[in-house]
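To keep things clear, I will list the structure first and then write my remarks on it.
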Amino acid sequence: MWMDLMEKEKKAKRAKKRPGKPGLMRRLVSSIQTKIALIFMLLLLATIEIIGAYFTRQMEQTSIDNFQTTIQLQTIVTDQLTNQLVKNGKSADRKMNQIITDYSNDAISEIQVVDSKNVIRAVSNLNDKNRVGQLSNNGDIREVINTGQQKTLVTSTQKGSFMVQIVPLTSGTNIVGAVYVKASMADVFNNLRNVSMMFLTASLLAVVVAAIASMFISRAITRPIEELRQQAIQVADGDYSTQVKIYSNDELGQLGAAFNTLSAKIERSNEQSESERRRLDSVLSHMTDGVIATDRHGNVSIMNQMAQDFLNIKADDAINRPISQVLGLGEEYTSQDLISNQSDMQVTVNAGTDDEMILHASFTLIKRVTGFVSGAVCVLHDVTEQIKNEDEQRQFVSNVSHELRTPLTSVRAYIEALNEGAWKDPEIAPQFLEVTQKETERMIRMVNDLLVLSRMDRGATKLEPEWVNFTDFVGHLLNRFDMIVEHDQGEAQSDTKEYAIKRDLGNQALWVEIDTDQMMRVIDNIMNNAIKYSPDGGTITVRLTQNQILLSISDQGLGIPRKDLGKIFDRFYRADKARSRAQGGTGLGLAIAKEIVTAHGGRIWADSREGHGSTFYISLPYEPMDEEDEWDEV
Ligand code: ADP
Numbered sequence: 045m046w047m048d049l050m051e052k053e054k055k056a057k058r059a060k061k062r063p064g065k066p067g068l069m070r071r072l073v074s075s076i077q078t079k080i081a082l083i084f085m086l087l088l089l090a091t092i093e094i095i096g097a098y099f100t101r102q103m104e105q106t107s108i109d110n111f112q113t114t115i116q117l118q119t120i121v122t123d124q125l126t127n128q129l130v131k132n133g134k135s136a137d138r139k140m141n142q143i144i145t146d147y148s149n150d151a152i153s154e155i156q157v158v159d160s161k162n163v164i165r166a167v168s169n170l171n172d173k174n175r176v177g178q179l180s181n182n183g184d185i186r187e188v189i190n191t192g193q194q195k196t197l198v199t200s201t202q203k204g205s206f207m208v209q210i211v212p213l214t215s216g217t218n219i220v221g222a223v224y225v226k227a228s229m230a231d232v233f234n235n236l237r238n239v240s241m242m243f244l245t246a247s248l249l250a251v252v253v254a255a256i257a258s259m260f261i262s263r264a265i266t267r268p269i270e271e272l273r274q275q276a277i278q279v280a281d282g283d284y285s286t287q288v289k290i291y292s293n294d295e296l297g298q299l300g301a302a303f304n305t306l307s308a309k310i311e312r313s314n315e316q317s318e319s320e321r322r323r324l325d326s327v328l329s330h331m332t333d334g335v336i337a338t339d340r341h342g343n344v345s346i347m348n349q350m351a352q353d354f355l356n357i358k359a360d361d362a363i364n365r366p367i368s369q370v371l372g373l374g375e376e377y378t379s380q381d382l383i384s385n386q387s388d389m390q391v392t393v394n395a396g397t398d399d400e401m402i403l404h405a406s407f408t409l410i411k412r413v414t415g416f417v418s419g420a421v422c423v424l425h426d427v428t429e430q431i432k433n434e435d436e437q438r439q440f441v442s443n444v445s446h447e448l449r450t451p452l453t454s455v456r457a458y459i460e461a462l463n464e465g466a467w468k469d470p471e472i473a474p475q476f477l478e479v480t481q482k483e484t485e486r487m488i489r490m491v492n493d494l495l496v497l498s499r500m501d502r503g504a505t506k507l508e509p510e511w512v513n514f515t516d517f518v519g520h521l522l523n524r525f526d527m528i529v530e531h532d533q534g535e536a537q538s539d540t541k542e543y544a545i546k547r548d549l550g551n552q553a554l555w556v557e558i559d560t561d562q563m564m565r566v567i568d569n570i571m572n573n574a575i576k577y578s579p580d581g582g583t584i585t586v587r588l589t590q591n592q593i594l595l596s597i598s599d600q601g602l603g604i605p606r607k608d609l610g611k612i613f614d615r616f617y618r619a620d621k622a623r624s625r626a627q628g629g630t631g632l633g634l635a636i637a638k639e640i641v642t643a644h645g646g647r648i649w650a651d652s653r654e655g656h657g658s659t660f661y662i663s664l665p666y667e668p669m670d671e672e673d674e675w676d677e678v
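So the sequence shown is numbered by the working numbering: it starts at 45 and just counts up by one.
What follows is the structure, encoded as structure tokens:
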């Protein structure tokens with residue numbers, strides 16, 4: 045039962061620990077599958093970017109170099125132009141015009157020839173004819189003429205990008221002028237753009253393919269991991285029925301196999317500890333001793349059914365409460381005192397009531413191998429009966445001593461008196477001797493009764509049952525008491541008491557198996573008491589109920605006070621001590637009667653009204669015989 049509690053607690057803890065399901069987006073972002081795909085794509089993108097940047101840069105450089113070579117003026121042309129420039133004059137200019145016009149092609153958009161004085165001498169573009177003879181305002185041309193160094197530059201205007209190449213014209217060591225060549229780079233850049241576009245498209249395609257491929261690859265990696273996760277959750281919930289699927293013999297496959305082994309081992313050890321727990325549970329619940337286990341602070345953690353019954357408390361109400369309180373010792377001890385002292389003690393439950401129970405509590409610490417105290421166990425043993433028996437035994441010994449001392453004292457007193465000379469008195473001496481004899485006889489009776497009881501207590505008295513007709517048995521017994529005339533041995537010795545015995549036995553045969561000697565002793569004792577305790581005589585009514593064995597013996601005597609009714613069957617108990625002693629009673633007759641009736645499986649009890657008489661009842665187990673049995677008997 046406390047195992048259920050522990051199980052509930054565990055489940056609650058498990059439920060507490062498990063986080064709620066995150067949103068789909070968060071799960072996607074945080075999933076390994078997405079991370080692997082993203083890393084894969086980013087790596088691919090970075091690689092493509094680096095290669096692309098390097099490649100386009102290289103291609104651009106090569107294209108520009110190639111273009112530069114394409115527009116480079118051939119030496120023969122520059123030589124011709126130098127010759128014409130040195131000649132000077134209009135025809136030279138015309139010739140130069142002719143040369144550059146001839147040389148112009150689709151790529152070259154403009155050629156100018158400038159002499160050493162910066163005067164434009166020839167232009168390839170017809171629209172610029174009027175500029176011939178004018179001073180060139182181009183700083184670069186002037187620089188080339190001054191330095192004699194060829195210059196190539198790329199310019200960008202609204203009309204597009206152009207490459208300008210200015211080549212100095214030299215005659216011997218003299219710089220005679222320069223040729224200015226301007227070529228549109230539109231084609232070059234168009235080509236570059238086309239290639240870049242192709243590259244970009246290919247890159248995008250590669251990224252898409254890579255994304256799909258990486259999704260598949262990462263899925264292949266994460267699927268076993270996801271299955272492992274699901275399996276782990278199931279195992280944590282105590283479900284060991286499914287196994288992780290092994291897809292391959294790689295590390296993940298090996299991890300899956302290891303997990304399956306682990307889960308099988310957990311299941312086995314769980315089963316073991318579960319059966320161990322069940323065994324402990326059943327041992328504890330079937331124990332006749334109460335068991336309470338506490339944590340190290342002394343708060344109750346386990347309580348078996350017996351302990352609950354003993355202490356009249358439900359386990360649910362006791363769990364987590366200090367053991368000192370649960371045992372009802374809260375005022376005298378703390379739980380820590382109880383478990384650290386480890387001494388045995390007695391706990392009284394329902395003290396002062398009829399349900400009073402005395403429990404022997406012994407404490408033992410639960411220690412781990414390290415010596416750390418993790419709790420304590422308290423075993424409760426019901427010692428009520430034992431203590432009661434011990435008390436009764438003490439009381440009995442004291443009663444016996446007391447009962448014997450009184451007559452012995454009186455006997456000694458009489459003997460002393462006789463010894464001191466009373467024996468010489470012919471009147472007193474016989475009286476003293478008679479009393480001494482009576483007391484001695486009473487003591488003998490008492491000792492005999494005690495021996496009978498002692499034999500019964502030891503179980504040494506065996507019943508010797510025989511089948512008798514109880515109605516006849518009681519009838520014969522009463523015949524002996526009929527009209528008994530007895531001398532009252534009390535106050536008035538000369539008084540005689542006459543008693544009438546009224547029989548109401550019916551004539552139905554009640555066959556029963558009894559030890560007749562013993563049962564005779566019982567009825568004798570009750571009859572004698574009825575006579576003894578009825579000083580004024582009277583009628584004793586003996587009734588036997590038909591169809592069952594219930595014998596009642598009623599007298600019209602002193603009666604028994606209500607408070608004593610339950611006790612008169614106790615050893616040495618007398619309602620009226622003086623009278624009983626005076627009557628030579630031992631106080632053991634009814635105790636013996638009770639033992640005998642109980643040994644027969646019956647019951648004996650009394651009812652009385654003080655001053656009006658008493659009724660004693662004896663009931664015995666009786667099974668009416670059917671006719672067949674009676675015929676058998678005959
Ligand atoms: P005793 O030897 O004293 O009679 P018993 O065991 O026979 O011892 O009886 C116990 C006590 O019960 C007696 O001392 C007496 O006080 C009381 N008792 C028994 N029978 C009767 C009775 N019929 N009427 C009144 N008191 C009785």
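From the three backbone atoms N, C-alpha and C, an ideal C-beta is built for every residue, glycine too. It should be emphasised that the depicted structure is a prediction, and the values quoted were computed from it without experimental measurement.
- V518 and P509 have their C-alpha atoms roughly 16 Å apart.
- F660 carries a strand assignment under DSSP once its states are collapsed to helix, strand and coil.
- Here DSSP, grouped into helix, strand and coil, assigns A553 to coil.
- For H404, the enclosing beta strand (DSSP E) starts and ends at M401 to K411.
- The continuous stretches of beta strand (DSSP E) do not include A637, which lies in the alpha helix (DSSP H) extending over residues G633 to A643.
- For the ligand ADP, no non-hydrogen atom lies closer than 7 Å to the CB of A544.
- Where K226 is concerned, the enclosing beta strand (DSSP E) starts and stops at N218 to S228.
- Looking from the CA of P668, the closest CA among G655, A553 and I558 belongs to A553.
- Non-local C-beta neighbours of G192 in its own chain, meaning closer than 6 Å and more than five positions away in sequence, comprise P212 and I219, ordered along the chain.
- The three-state secondary structure of M331, taken from DSSP, is coil.
- In the DSSP assignment, D184 falls within the alpha helix (DSSP H) that extends over G183 to T191.
- A direct Cα-Cα distance of roughly 6 Å separates A405 from C422.
- Residue pairing by DSSP puts G419 in a beta bridge opposite D339 and I410.
- Going by beta carbons, S345 and I363 fall inside the 8 Å limit.
- Contact check for F354 against G334 passes: the beta carbons are separated by less than 8 Å.
- A straight-line Cα-Cα distance of about 17 Å links L179 and N141.
- Straight-line spacing of the CA atoms in D398 and V279 works out to 54 Å.
- Here K576 is buried. Its C-beta has 16 or more other C-beta atoms within 10 Å.
- Using a cutoff of 7 Å, the CB of A473 does not count as near the ligand ADP, since none of the ligand's heavy atoms is closer than that.
- By the Cβ criterion, the stretch 590 to 609 is in contact with the stretch 650 to 664, since at least three pairs of Cβ atoms, one from each stretch, lie closer than 8 Å.
- The residue from V188, S153 and E270 with its alpha-carbon nearest to that of S205 is S153.
- Secondary structure at A359: helix, using DSSP grouped into helix, strand and coil.
- In the three-state scheme derived from DSSP, where H, G and I count as helix and E and B as strand, V130 is classed as helix.
- In the same chain as F99, and ignoring 5 residues on each side of it, the C-beta atoms closer than 8 Å to its own belong to F243, in chain order.
- Runs of the beta strand (DSSP E) lying entirely within the stretch 448 to 531, each at least 3 residues long, are 510 to 513 and 529 to 531 in chain order.
- In the DSSP annotation of this structure, D561 is not part of any beta strand (DSSP E); the continuous alpha helix (DSSP H) holding it starts and ends at T560 to K576.
- By the neighbour-count definition (other C-beta atoms within 10 Å, threshold 16), Q481 is an exposed residue.
- Look at the beta carbons and you see the stretch 78 to 92 not touching the stretch 168 to 184: under three pairs across the two are nearer than 8 Å.
- Under a 10 Å Cβ-count criterion, G342 is classified as buried, with 16 or more other Cβ atoms of the shown protein chains found around its own Cβ.
- Relative to the ligand ADP, the beta carbon of D599 is positioned inside 7 Å of a heavy atom.
- Contact check between the stretch 226 to 234 and the stretch 104 to 118: three or more CB pairs, one atom from each, fall below 8 Å, which counts as touching.
- In the DSSP assignment, no residue is bridged to S445.
- In the DSSP annotation of this structure, the continuous segment of the alpha helix (DSSP H) that includes I94 starts and ends at I76 to I115.
- Segment contact: the stretch 552 to 571 against the stretch 627 to 636, three or more CB-CB distances shorter than 8 Å; contact assigned.
- For Q369, the enclosing alpha helix (DSSP H) covers residues I367 to V370.
- Spanning the alpha carbons of K173 and A166 requires a straight line of approximately 8 Å.
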